[in-house]
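Numbering (this note's numbering), first residue to last: 3 to 137. Quick reminder that beta carbons are idealized off the backbone N, C-alpha and C, glycines included. What you are looking at is a predicted structure, and each value in this text was computed from that prediction instead of being measured. Data first, discussion second: the structure below is written as structure tokens.
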């Protein structure tokens with residue numbers, strides 16, 4: 003993989019620069035990390051590192067997430083996407099949030115974890131016309 007040759011600092015900077023919140027769990031269902039710690043919409047305490055994801059997830063969606071992770075572990079699913087409307091700034095209109103789960107697999111396609119990616123796509127949904135680079 004081409005990223006194998008990248009300096010860890012560059013990889014970390016890339017992950018922090020991505021316009022999305024990322025949370026990763028390992029094959030044992032433990033939270034192993036996330037990006038954008040200071041600016042996340044879905045905040046996580048540092049004590050969540052090493053915790054089972056079930057202890058960090060809202061109860062109303064937990065059963066669905068458990069099913070999703072089980073399907074990823076068996077290989078029945080690699081990705082799931084959904085979207086919600088969420089208040090980002092108090093008193094302002096809600097934003098459309100895209101939330102996606104991606105199975106993480108090793109070179110032999112064995113499940114090694116899951117990555118949850120949350121992105122505020124409201125501005126993308128409102129794009130019109132064209133804007134060229136440097137306009």
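Under the three-state DSSP convention, the category residue 104 falls into: Your numbering for residue 104 matches position 102 in the chain shown. Strand.
Rounded C-alpha distance that separates residue 31 from residue 136: One-based indexing of the chain shown puts residue 31 at position 29. One-based indexing of the chain shown puts residue 136 at position 134. Near 43 Å, if we compare the C-alpha coordinates of residue 136 and residue 31.
Alpha helix (DSSP H) segments (min. 4 residues) lying fully within the region 44-106: Listed in chain order, the complete alpha helix (DSSP H) runs (minimum 4 residues) inside the region 44-106 are 61-76.
Residues of its chain near residue 107, where Cβ-Cβ distance is below 7 Å and the 5 sequence neighbours each way are ignored: Position 105 of the chain shown, counting from 1, holds the residue named residue 107. Residues 113, 114 of the same chain have their beta carbon placed closer than 7 Å to that of residue 107, with the five preceding and five following residues left out of the count.
For residue 21 and residue 124, the rounded distance between their alpha carbons: Reading the chain shown from its first residue, position 122 is the one you call residue 124. Reading the chain shown from its first residue, position 19 is the one you call residue 21. Between residue 124 and residue 21, the C-alpha separation is close to 12 Å.
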